[in-house]
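**Q**
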Amino acid sequence: MVQGGEEWYAARCGLLTASEMKLILTPKLKIADNDKSRAHVWELLAQRISGYVEPSYVSDDMLRGREDENDAKITYTEHYAEVTDVGFITNDKWGFTLGYSPDGLVGDTGLIECKSRRQKFQVETIASGVVPEEYMLQLQTALLVSERKWIDFVSYCAGLP
160 MVQGGEEWYA ARCGLLTASE MKLILTPKLK IADNDKSRAH VWELLAQRIS
210 GYVEPSYVSD DMLRGREDEN DAKITYTEHY AEVTDVGFIT NDKWGFTLGY
260 SPDGLVGDTG LIECKSRRQK FQVETIASGV VPEEYMLQLQ TALLVSERKW
310 IDFVSYCAGL P
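Numbering (our numbering), first residue to last: 160 to 320.
Okay, structure coming up:
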């Protein structure tokens, strides 16, 4: 299954996914109660009823991210470990289903999550040595859904470390 393809959209239709958790929960793990969270709940409900995911806006940053992801995985493989592609993972052991689109599986216990960053954010992340808070819910949900033991956050910007 190719991420972004018809089969991938069908698999995640109406499901809350790891990348969307920031719309539902705050960084302090409280339920988000704002226009974005309510709109997202309505969108997921509409998808469940219709069985269709409406096309959404794709920004220049998102396009760059799709292009850079493969380079990030190649660099990771060269320096750390082989990466296996997988399209979409679900887990329903809580009585509801959560989904996650891994950027790659590493061995039997790991994952990678690649982010293509603008230069200023890449430099800031390197200098701080800390995974940006905006990605923490996605990373934690990835571990929860996949039931893997660890995840490597791969912050990537072509031309920078």
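Even glycine gets a Cβ: it sits at the ideal position worked out from N, Cα and C.
Do GLN162 and SER287 come within 8 Å of each other at the CB atom, strictly closer than that value?
**A** Going by C-beta atoms, SER287 is not nearer than 8 Å to GLN162.
**Q** For ASP289, count neighbouring Cβ atoms within 10 angstroms of its own Cβ and tell me buried if that reaches 16, exposed if not.
**A** The sequence given here places Val at residue 289; Asp does not occur at that position. Flag for VAL289 reads exposed.
**Q** I'd like to know if the segment 224-233 and the segment 195-215 are in contact, where contact means that at least 3 CB-CB pairs between them fall below 8 Å.
**A** With a cut-off of 8 Å, the segment 195-215 and the segment 224-233 do not count as touching, because too few Cβ pairs lie within range.
**Q** Just the Cα atoms here: how many angstroms apart are VAL245 and VAL265?
**A** Between VAL245 and VAL265, the C-alpha separation is close to 11 Å.
**Q** Is it true that the segment 184-192 meets the segment 206-216, where meeting means three or more beta-carbon pairs spaced less than 8 Å apart?
**A** No: the two stretches stay apart, fewer than three of their Cβ pairs being nearer than 8 Å.
**Q** How would you call ALA301, buried or exposed, if buried means at least 16 neighbouring beta carbons within 10 angstroms?
**A** With 16 or more Cβ atoms within 10 Å of its Cβ, ALA301 is classed as buried.
**Q** Taking just the CA atoms, how far does GLN206 sit from THR249?
**A** Going from the Cα of THR249 to the Cα of GLN206 covers about 17 Å.
**Q** Does the separation of the CB atoms of MET180 and LEU296 fall below 8 Å?
**A** Cβ atoms of MET180 and LEU296: closer than 8 Å.
**Q** Report the option in PRO186, LEU182, LEU203, LEU184 whose CA atom is closest to the CA atom of ALA169.
**A** The shortest C-alpha separation from ALA169 is found at LEU203.
**Q** Take VAL242 as the anchor and find which of TRP167, ILE310, CYS172, LEU319 has the nearest alpha-carbon.
**A** Nearest option by C-alpha distance: ILE310.
**Q** Which residues does DSSP pair with GLU272 in a beta bridge?
**A** DSSP output for GLU272 lists PHE312 as bridge partner(s).
**Q** Considering Cα atoms alone, identify which of SER178, ARG223, ARG171, LEU175 is closest to TYR315.
**A** Nearest C-alpha to TYR315: ARG223.
**Q** How close, in whole Å, do the beta carbons of ASP262 and GLU228 come, if the pair is a contact with beta carbons under 8 Å?
**A** That belief holds up - the Cβ atoms of ASP262 and GLU228 are roughly 6 Å apart, short of 8 Å.
**Q** Could you tell me the boundaries of the alpha helix (DSSP H) in which ILE233 lies?
**A** It spans 219-238 - the alpha helix (DSSP H) in which ILE233 sits, taken as one unbroken run.
**Q** Please name the residue or residues paired with VAL265 in a DSSP beta bridge.
**A** Bridge partners of VAL265: GLY269.
**Q** Could you tell me which of THR284, VAL313, PRO291, GLY254 sits nearest to VAL304, measuring between CA atoms?
**A** Comparing Cα-Cα distances from VAL304 to each of THR284, VAL313, PRO291, GLY254, the minimum goes to GLY254.
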